[in-house]
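The next block holds one structure in the form of structure tokens; read it before the comments.
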Amino acid sequence: MKKRHLQLIRLLNRGRRFTADELALETGASVRTIQRDMLTLEELGYPIWSISGTGGGYEMLPNRLLPPLQLREQEAIALYLTLKWMEQIPDVPFGDMRDTLSDWYVNELPHDLETKIARLEKNILWLGNKTAPPAPFTKDVFQAVERRQKIELTYATTKGSRTFTIAPVGMALLDLKWYVYGLSAYGLRQYRIDRIESVQLLEETFEAGDLETLLEASDERTGVTVRLDLTPLGRRLLEDVLPGIAEKNEWDVPEAELPFFSRQLLAAGAEVEVVEPIELREMMREQASKLWELYK
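Structure below.
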């Protein structure tokens, strides 16, 4: 496939109709060459729809194909391993497609590279927790995020089921659990998708910044300096909770997050001591008292 063919596919994948004159101008080729290129691409299986006459032109039909990647061997292996890793993620928004994508991909590779990957496949493993709770509404939430469409969700809280209307600005995967971040009258909140009991897509759309920017803005909330005294084991137990724990003893934590943070610190037991603030020390003392009452 020529470089010009790839350029034509990228243009047609924009989802609009192009005349032969427009494609010729974009690529620097003649109209006659563009017409021959379109026939070539059709023969290669690309779903190109051509319309003759005034207002006619070329466009890509729905479920368009993407241009092939030109990969070096190591890049091809890295991409395959990435696809295999994705298969470990529960409830990927694209459904069962993830179970066949890596097989389809490797079948398109040269035989010697396919053989090499087959050997690697048995020696590169993804271990760890594979008991993440099912999140059947992941695909529905993804569609709402993609379409910028508000949703009404029924959510299992610690005080029972509640119904919210949110503008789902984005999703995140944390510890093999999917979260949706939604804007509402309460600001930006996160909801675990496996705790959603029902979802209804509403007709109302919304405008909002991207999730990354919104999260950065939320991190600018009034924070409290938390200073900890950690043993080496404590640092290891909390390495998934506190960023930069190998070098740091102080963190800035939003004040509203302190109650939840105290429960996370409790997981390390006596391997962590809260030096300050005093409010967090009191929370830790309260949690320890509850445990003592439970087990004394």
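Residue numbering for the sequence shown follows UniProt numbering, starting at 1 and increasing by one per position. Ideal Cβ positions, reconstructed from N, Cα and C, are used throughout, including at glycine.
Is it right to say residue i is buried, meaning 16 or more other beta carbons lie within 10 angstroms of its own, or is it exposed?
i: A246; result: exposed
i: R285; result: exposed
i: R235; result: buried
i: I196; result: buried
i: D37; result: buried
i: W85; result: exposed
i: G56; result: exposed
i: V275; result: exposed
i: W178; result: buried
i: A185; result: exposed
i: A76; result: buried
Taking the continuous beta strand (DSSP E) assigned at residue i, which residues delimit it?
i: I48; result: 48-51
i: A172; result: 160-174
i: E59; result: 57-60
i: E271; result: Counting along the chain, E271 falls outside any beta strand (DSSP E), and DSSP gives it neither H nor E.
i: K139; result: Careful: K139 lies outside any beta strand (DSSP E), inside the alpha helix (DSSP H) at 138-147.
With a Cβ-Cβ cutoff of 8 Å, do residue i and residue j count as a contact?
i: G182; j: R189; result: yes
i: A267; j: L237; result: yes
i: A167; j: K150; result: yes
i: P47; j: L25; result: no
i: F164; j: Y155; result: yes
i: V92; j: F137; result: no
i: L8; j: L44; result: no
i: L23; j: L39; result: no
i: E228; j: E273; result: Before going further, note that residue 228 is Leu rather than Glu in the sequence given. In this structure, E273 lies closer than 8 Å to L228 by Cβ.
i: L101; j: E73; result: no
i: L83; j: L71; result: no
i: A169; j: A208; result: Reading off the sequence, residue 169 comes out as Val, not Ala. Going by C-beta atoms, V169 is nearer than 8 Å to A208.
i: L280; j: L258; result: yes
i: L81; j: I124; result: yes
i: residue 299; j: I89; result: In the structure displayed, the chain extends from 1 to 296; residue 299 sits before or after that span and is not available.
i: R32; j: E59; result: no
i: A20; j: R4; result: no
i: R148; j: T205; result: yes
Kindly say whether residue i, judged by its beta-carbon, lies nearer than 8 Å to any beta-carbon of chain D.
i: L127; result: Absent here is chain D; the protein component of the structure consists of one chain.
For the alpha helix (DSSP H) containing residue i, name the first residue and the last one.
i: K84; result: 73-86
i: T19; result: That residue, T19, is in no alpha helix (DSSP H); it is neither H nor E in DSSP.
i: V31; result: 31-43
i: D91; result: From DSSP, D91 is part of no alpha helix (DSSP H); its letter is neither H nor E.
i: R119; result: 111-121
i: L291; result: 278-295
i: L8; result: 3-12
For the stretch 176-264, list the beta strand (DSSP E) runs that are entirely contained and at least 3 residues long, ordered along the chain. 177-184, 187-192, 196-205, 223-230, 250-254
The stretch 207-226 touching the stretch 251-264, judged by at least three CB pairs closer than 8 Å: yes
Given 8 Å as the limit, is there contact between the stretch 106-121 and the stretch 132-148, that is, 3 or more CB pairs closer than that? no
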